[in-house]
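Residue numbers (the numbering used here): 15 to 435.
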């Protein structure tokens, strides 16, 4: 198949590649990013955006690391827009952790929408035209094909795409969120689900996002000039959110124990987590997306996920000096439990699994350990524990707390006061 969308960003699924991309983009985190971030120049020019999100989504590099690298060189005042964009991902995760029922509602809506599309020929036809890029709307079709081939879309393009999907094509929003999740390298349950809800007017009730032809022409530098967009659509009807819950406190780790370390694709830097005086005698990576008929990822995303886990396995084996095995799919639960039972481990430790596709299986795994009298501990990062409880309302109240969150993380938000391009 010809490469229709040559890219300037090398999305290699390793921590090293993510750090190299961060280093390359650092000189552009100030005025250039502030002034140009909304332009979609196309896949062959991503100089105006960091494109770090695939590595951050799998935590090959973390939000905290990105902020630390920026603020080690520059003041928050000159890099505020970039830092805020990084913090959106933290905010969305926190919002969903405090309201996990929103993800349950999405999954139920998706199941219903898939059943309706299967039963209704006209809806099924329009749905396939959309995901195959055959709607006749130039920008939408281009983005649909770009997404499937590359696994990436500019953030502004994602908003336009979602708006056209919902209000012009009048397709179910959950089907669109599912399409994005399966094909975005950076697709995570919180950012993806809640962003689609926001465009639809379900996140901030009554306030939807409208894709306008003039806006698309301007911010794609005339690459696209769509016609026939619905620019007067009203927000989808929705119910008010319930009150946010609270994070459960993490269980403190015991000391001087032999531990077995397990991690999945949501956190591929487990060696960074604090283990105290405990010894890791073995471990396993768990690719929960692999071989799941209910969550068939696109080839690009599946390959990146496998690569990220392989990279983490290699780093963990070297760091802990013990063997890390690989497992795939939900059916691997019994194999992992058996592996731990046969080891000399006194407990199992795992990075915290956030609300999303992986969490039910991690909880099932934990229950199996308990039935075998093996203690199970999830380690939540301090960054998340500090930030997530502040995601009780919209992003703007959360944004006001970003400086204090950064200070609490130990950053000097005045940086070195360098001027950045």
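Virtual Cβ for every residue (Gly too), placed ideally from N, Cα, C. Just so we're clear, the structure is a prediction, and the values are computed from it rather than from any experiment.
Would you call residue i buried or exposed, if buried means 16 or more other Cβ atoms sit within 10 Å of its Cβ?
i, result
"residue 265", "exposed"
"residue 24", "exposed"
"residue 217", "buried"
"residue 431", "For residue 431, the predicted model reports a pLDDT of 41, less than 50, meaning its position is unreliable and no value from the coordinates is stated."
"residue 451", "In this structure the chain extends from 15 to 435, so residue 451 is not present and cannot be described."
"residue 173", "buried"
"residue 56", "buried"
"residue 256", "exposed"
"residue 202", "buried"
"residue 101", "buried"
"residue 307", "exposed"
"residue 235", "exposed"
"residue 333", "exposed"
"residue 410", "exposed"
"residue 418", "exposed"
Between which two residues does the alpha helix (DSSP H) containing residue i stretch?
i, result
"residue 317", "313 to 334"
"residue 111", "90 to 112"
"residue 146", "No alpha helix (DSSP H) contains residue 146, which DSSP labels as neither H nor E."
"residue 164", "152 to 164"
"residue 365", "First-last for residue 365: 361 to 365, but that is the beta strand (DSSP E), not the alpha helix (DSSP H)."
"residue 339", "Unbroken run through residue 339 is the beta strand (DSSP E), 338 to 342; no alpha helix (DSSP H)."
"residue 70", "67 to 71"
"residue 239", "First-last for residue 239: undefined, no H or E at that position."
"residue 231", "227 to 233"
"residue 358", "Element bounds for residue 358: n/a, residue is neither H nor E."
"residue 32", "29 to 39"
"residue 410", "409 to 414"
"residue 221", "First-last for residue 221: undefined, no H or E at that position."
"residue 50", "45 to 50"
"residue 84", "77 to 85"
Quick check: residue i and residue j, are their CB atoms within less than 9 Å of each other?
i, j, result
"residue 177", "residue 222", "yes"
"residue 288", "residue 393", "yes"
"residue 282", "residue 35", "no"
"residue 249", "residue 219", "yes"
"residue 112", "residue 260", "yes"
"residue 233", "residue 54", "yes"
"residue 353", "residue 296", "yes"
"residue 97", "residue 420", "yes"
"residue 120", "residue 188", "yes"
"residue 69", "residue 114", "no"
"residue 65", "residue 208", "no"
"residue 258", "residue 106", "no"
"residue 11", "residue 147", "Past the edges of the chain, shown from 15 to 435, lies residue 11, and the structure says nothing about it."
Give the range of the beta strand (DSSP E) segment to which residue i is assigned.
i, result
"residue 274", "272 to 278"
"residue 115", "Premise fails: residue 115 lies in the alpha helix (DSSP H), 115 to 133, not in any beta strand (DSSP E)."
"residue 391", "389 to 393"
"residue 300", "293 to 301"
For residue i and residue j, which I take to be in contact (beta-carbon distance under 8 Å), what is that distance rounded to the nearest angstrom?
i, j, result
"residue 302", "residue 364", "Between residue 364 and residue 302 the Cβ distance is about 12 Å, and since that is not below 8 Å, they are no contact."
"residue 326", "residue 299", "6 Å"
"residue 330", "residue 279", "Not really, about 14 Å apart at Cβ, beyond 8 Å."
"residue 197", "residue 63", "Their Cβ separation, rounded to whole angstroms, is 18 Å, which puts residue 197 and residue 63 out of contact at 8 Å."
"residue 370", "residue 204", "7 Å"
"residue 383", "residue 351", "6 Å"
"residue 359", "residue 272", "5 Å"
"residue 40", "residue 76", "Actually they are not in contact, since the Cβ atoms of residue 40 and residue 76 sit about 16 Å apart, beyond 8 Å."
"residue 229", "residue 267", "Wrong, their Cβ atoms sit about 51 Å apart, outside the cutoff."
What does the alpha-carbon distance come out to for the pair residue i and residue j?
i, j, result
"residue 104", "residue 398", "7 Å"
"residue 387", "residue 368", "24 Å"
"residue 86", "residue 422", "15 Å"
"residue 243", "residue 225", "7 Å"
"residue 170", "residue 51", "9 Å"
"residue 416", "residue 90", "10 Å"
"residue 33", "residue 158", "29 Å"
"residue 468", "residue 137", "Given that the chain is displayed from residue 15 to residue 435, the structure contains no residue 468 and the question cannot be resolved."
"residue 214", "residue 184", "11 Å"
"residue 241", "residue 182", "11 Å"
"residue 438", "residue 190", "Outside the modelled stretch of the chain, which goes from 15 to 435, sits residue 438, for which no answer is possible."
"residue 347", "residue 381", "10 Å"
"residue 362", "residue 131", "43 Å"
"residue 49", "residue 309", "38 Å"
"residue 277", "residue 143", "37 Å"
"residue 313", "residue 401", "33 Å"
"residue 206", "residue 355", "37 Å"
"residue 336", "residue 294", "7 Å"
"residue 145", "residue 424", "45 Å"
"residue 126", "residue 88", "49 Å"
"residue 192", "residue 124", "8 Å"
"residue 435", "residue 211", "Any reading at residue 435 needs caution, since the residue's pLDDT is 31, under 50, leaving its predicted position unreliable; the model's value is listed next. The alpha-carbon atoms of residue 435 and residue 211 are separated by roughly 34 Å."
"residue 403", "residue 323", "29 Å"
"residue 194", "residue 186", "13 Å"
"residue 390", "residue 338", "18 Å"
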